[in-house]
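Note that full-length UniProt numbering numbers the sequence shown so that position 513 is 513, with each residue one more than the last.
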Amino acid sequence: MAYDFSQPVTTDLTLTAHWTKGTSIWSLSPTSGPAAGGDKTTLTTPTKPDIRFSHISSGSNFILALGSDGNLYSWGSNGDGELGRDTSSTPNSIPGLVTAPDGVRFTQTSGGLGLSLALGSDGNIYSWGYNSEGQLGRDTSSKDSTPADRPGLVAPPAGVRFTQVSAGFTHSFAFGSDGNLYSWGDNSDGQLGRDTGSAKYDTTPGKVPLPAGVASFTQVSGGTFYSLAMGSDGNLYSWGTNTFGELGRDTGSARSDSTPRKVSIRTGVAKFTAISAKGWCSLAMDSDGNLYSWGYNLYGELGRKTDNPTINVVPVKVTMPAGITRFIWFAEGTEHTLAMGSDGNLYSWGWDYYGQLGRENNNTSDSTPRKVMMPAGVSYIQASAGEAFSVAMGSDGNLYSWGDNESGQLGRDTGDSTQNTSSAKVTFPENPRPVSVSFGGIPGTNLTDNKDGTWSVSTPPHAGGKTDVTINWNMNGQQPDAHLDYTYISSYTVAFDSAGGKPAPGQQRITGGQQATRPTTDPAKDGFLFDGWFLKDTKGKSDVAYDFSQPVTADITLVAHWSPANTGGWSISPDKGNVLGGQQTTITPPKLSRGIRFNQISAGGFQAGDFQGFSVGVASDGNAYAWGSNQYGQLGQGTAGSTPQKTPVRVPLPAGVDSSFTYTQAVAGGYHVLAVGSDGIVYAWGANNHGQLGNGSVDTQNHSKPQPVKDTDGQPFKAIQVSAGAYDSAAISPDGRVYTWGSENNNFTAYSTPKPTPTLAKDPNGSGQGLYAAQVSLGWSFIMAMDTDGSLYTWGYNNYGQFGNGTATGVYSTTYAANPARVPDPKDTSKAFKATQVSAGANHALAIGQDGTAWAWGYNDHGQLGDGSTTSRSTPKQIQDPANPGQAFQAAWVSAGVHHSLAVDRNGAAWAWGWNSDGQLGDNTTSDRPAPTRVSPPAGQGSAGTGLATARTSAGRNHSLAIGQDGNTYSWGDNQYGQLGTGNDTTQSRTPALAAFNPKLLITGVKFDKTVVNPLVQHPDGSVTLATPAHSPGLADVIVDWTLGGNGQTQARLAYTYEGTLPLTGGNGSMILLLAAGLLATAGAVAAGRHRRETHSLHA
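Quick look at the structure:
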């Protein structure tokens, strides 16, 4: 049995918790399906809890019941809002949840004529339902008031908490903590027991005056238009109408009396312990277990025979059934009564038109108490009676009902809604039942109840990606919506236009959000060199190299770009010489101008103390390039040193990879680089003083060659995306989980414990499976991750509010948060802030919201948040559009540097704000900008009003990079270490300058037939001068090994003629003798033909 907390404690007792084995959440299977929709998914409901009722109260045609779960439930009539909840149909036969105010539990209830009262755990009374006479005790007419059909606060008298409630038909009572009885509502017949002047009702609780000599009232019960109370002196008092003698005293000619006066009790009656005034008759039980009744008796509701069926003023004993010695408790309805006998049987009497007496001989009104039919093996321990129905709580914990069910007040389906003599269980708890299921706000279809208790629903079409599944459901009333995740899998076509090259790659069908794969074999085309794959735009142009590290989000076409191979050809001059060798000759390569372009760029070098900038990028030829400072080997050239590289130089391939290897991504950190290869392995090089290279060690050596990152088992670590910070690294593994290694830094005063190998980031939801994400970004001090539904998470140091959660630990704090935590939505902190792209700076964050607007938070000492101030922010703040005052800045790309920020707007224009010490904002000044300002276009390209037309940007510490919409790479800002890649010696550029990227042709070896020639004197134009080796007379095959941008090319072949010197016969001198002219001519023709064929083959 559930314990009734509304009852007084009279002895020691022990309450035992009951539990239901199972789950309290919904589940969905499968959790992913096609974006086209139509996928049948199965919903598994929560386990039905074994909730039992602990306290019941019947109104006129409805019931209020408290559950063992602490909630209030209601069912039955709702014509006046008395159920306190929405109901979709009438009758309302399913017990439904009444939502209590926040922080409140209802502890006692009482129902009247369409009126509901409940006592809250906060000592306040809440009311709802019928309010024609102010019986709710509150105003329900104004637009600001709580609606009458929802629990609303009854304002208590000053300093008073309520302790008990009782609802009459149209008036209400409550006991206060001061011991007084308060009343409100209808007073047309004086039923409030106090003077309200000419007003027929009073909405404000007022004190009921005590009769002389009475210290307090101890019980109260409201009838139709009268009231009954028990005084502390043991006497009964009544007031209100006395039409049928219900006051139990003579009021003379007066039809009513508003003053509490004694009920006329005969001498010898024991002390009364319980009272009830429900309809037009009154009942009271004495300490001997006798029931006394008076008032109306037309239907035998007094439980005894009377001479006058209507007026009975004097309380007289109810007939005691044979075989019982006393009544234990009783429950009065409007015109019938239930009472528990000492023999354990329930007895009933009064009106029985609807079977509310629960007897075999139904529909016959009876003034004699007779047994109620009870379920086998069940006894009743509590009952309540309404207008024409009855409910009783069984010893098995179930609630049983019988009688009228026109309004569903029996809490079960009875078929015959009117006459129900036999008791049966109230349907409670109800099985969980979904009402509707929507996917990202789009309704699912074919919601079906399956035989096994599960439900099925068909998914609607939806855009690809993770979406919220909202389940609107009922279980004894409306329950809070359940939310699940479902991933729509879009698939897109990546088509390849080889522009005449062969082999032409086939189409790729890519799942939305995944990456396309660069074809392993590059196409070939006679007379041309392959420059890479470029993205075809909506205008049919393909100027920008395609970045294979980016997710595919639409159908795309990649176009092969080619550069002419025969641009002057190879030459050797002079092309003939002495057989003795030693003559100087020069080999000149063709003047090649390639169309290779960068498809991604990354500005690095923002380490503390020594700000030596550098840059890396991946080009359309699949190679990684680097330029700028090489102090720590971060250019990957095999050596480290103080000599900067002023133009992009190719990063050698990792040892042991095959010839088809390409780089998919390369990112620059403080003084290290991370890269993802076409083999999926993460490679790293540069500084490793905090374990940021992930090779299992922490050391001060300079690692100047690409080496694989190793997992905890020492095996190469694979990833689909990487990010490099000042001293830390992060990656998303092929299964979508976030790993980190190295150390975060809190602005130079503290470092987190180094992690020398990739370590799984924890799932903030506690799954133990790690954090799944679609993007990860590092700066100096903290880590940002965006999961597949766009929710953001941050962890690390939070000195300046960079976590975005409304807190900041302070400038010098060393507090480190090791685990991801959700970034709250500033508009609704109960939800996660959701984005489509994120970028972490040193101590500030940028994000593009799902509405396309740019947001920023964290450190703002130079205005890097772009909000027009230099005030740091600990919650995301929307950046405003300077070109359109009052509107948010719409962004397609954001990049956070150390103290400045870059963005690309929806029209492709580049913007910058924040620190500008070296012109890194590109606005031709060195003034800081606290709000977005346009990046100036390169010289000769547009005007300051149009800005730099950009596809992608990257912000470092003091310099910035961008890939223009023309496909070229631009750079601006600090250039002390050549990090702009322009090839010149200027220390800074305040406007974008073209990076000097045209892969260099380098002759690496020359052989005359089989003789290797050394040394080779290199010239700026790519030519080499060498001394010819000795050779026999005739034509020599000159074989040239060469690279382009560091990539080996097909050998070039040239012809060199050796002329012989023969001594004169019989003389001292000598003469040059051309060997047989015909032989030389023939040999020359053969060699020249072979040279032409091999050169043609080379350029194919």
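Where is the CB? At the ideal position from N, CA and C, for every residue including glycine.
Smallest Cα separation from residue i: which of the options?
i	options	result
GLY595	ASN984, PRO91, GLY967 and ILE51	GLY967
ILE56	THR875, GLY67, PRO46 and GLN988	GLY67
ASN235	ALA274, ASP396 and LEU948	ALA274
GLN612	ASP621, GLY633 and PHE598	GLY633
LYS755	ASN798, PHE803, ASP699 and ASP789	ASP699
LEU210	ASP195, ASP202, TYR201 and THR204	ASP195
ALA603	PRO574, TYR400 and ALA726	ALA726
LEU865	GLN887, GLY886, SER839 and ASP39	SER839
ASN860	GLY252, ALA896, SER183 and GLY501	ALA896
TYR797	ASN819, ALA684, PRO429 and ASN472	ASN819
SER436	LEU410, ILE471 and ASN1014	ILE471
THR643	GLY152, ILE311, LEU1016 and GLN976	GLN976
ASP526	ALA499, SER282, THR538 and SER542	ALA499
THR953	ALA854, GLN600 and VAL104	GLN600
ILE1039	PRO1020, ILE1003, PHE272 and VAL1017	ILE1003
LYS40	TYR488, LYS877 and GLY978	TYR488
GLN382	PRO734, VAL372, ARG509 and SER54	SER54
Tell me the rounded alpha-carbon separation between residue i and residue j.
i	j	result
LEU535	ILE783	31 angstroms
GLY680	THR585	46 angstroms
SER74	TYR237	32 angstroms
ALA155	PHE803	43 angstroms
GLN147	SER141	Going by the sequence as given, residue 147 is Pro instead of Gln. Going from the Cα of PRO147 to the Cα of SER141 covers about 8 angstroms.
SER384	SER110	11 angstroms
GLY858	ASP468	29 angstroms
PRO8	ILE328	17 angstroms
LYS710	HIS703	15 angstroms
ALA1087	ASP1037	Caution is warranted here: a pLDDT of 39 is assigned to ALA1087, below 50, making its placement in the model unreliable, and the coordinate value is therefore given only provisionally. Distance between the alpha carbons of ALA1087 and ASP1037: 8 angstroms.
TRP685	THR662	16 angstroms
ASP867	ALA888	11 angstroms
THR753	GLY742	8 angstroms
GLY581	ALA910	60 angstroms
SER960	ALA995	12 angstroms
THR310	GLY295	7 angstroms
VAL673	HIS690	14 angstroms
SER27	SER874	36 angstroms
GLY638	LYS705	5 angstroms
Since residue i is in the beta strand (DSSP E), which residue starts that stretch and which ends it?
i	result
ASN92	92-98
LEU72	72-76
PHE606	Counting along the chain, PHE606 falls outside any beta strand (DSSP E), and DSSP gives it neither H nor E.
LEU28	27-29
GLN1051	Segment: none, GLN1051 is in no beta strand (DSSP E) and carries neither H nor E.
residue 1102	In the structure as shown, the chain starts at 1 and stops at 1100, and residue 1102 therefore has no counterpart that could be examined.
VAL469	465-474
GLN707	702-708
ASN819	816-822
DSSP three-state call for residue i: helix, strand or coil?
i	result
ILE681	strand
TYR299	coil
THR224	coil
ASP728	strand
GLY1067	Caution is warranted here: a pLDDT of 37 is assigned to GLY1067, below 50, making its placement in the model unreliable, and no coordinate value can be reported.
THR969	strand
TRP329	strand
HIS1019	coil
TYR671	coil
ASP139	coil
LEU535	strand
Determine whether the Cβ of residue i lies closer than 8 angstroms to any Cβ atom of chain C.
i	result
THR853	Of the protein chains in this structure there is only one, and it is not chain C.
Q) Whole beta strand (DSSP E) runs in the region 621-651 with 3 or more residues, listed along the chain? A) 624-630 and 641-650
Q: Write down every uninterrupted run of the beta strand (DSSP E) in the UniProt region "Disordered" (404-463) whose length is 3 residues or greater and which is fully enclosed by it, in chain order.
A: You should have 433-439, 445-449 and 455-458.
Q: Output the residue ranges of the beta strand (DSSP E) runs that lie fully inside the region 311-394 and measure 3 residues or longer, sorted by chain position.
A: 327-332, 336-341, 346-350, 366-371, 380-385 and 389-394
Q: Would you list, in sequence order, the uninterrupted alpha helix (DSSP H) runs of no fewer than 4 residues that lie entirely inside the region 120-203?
A: none
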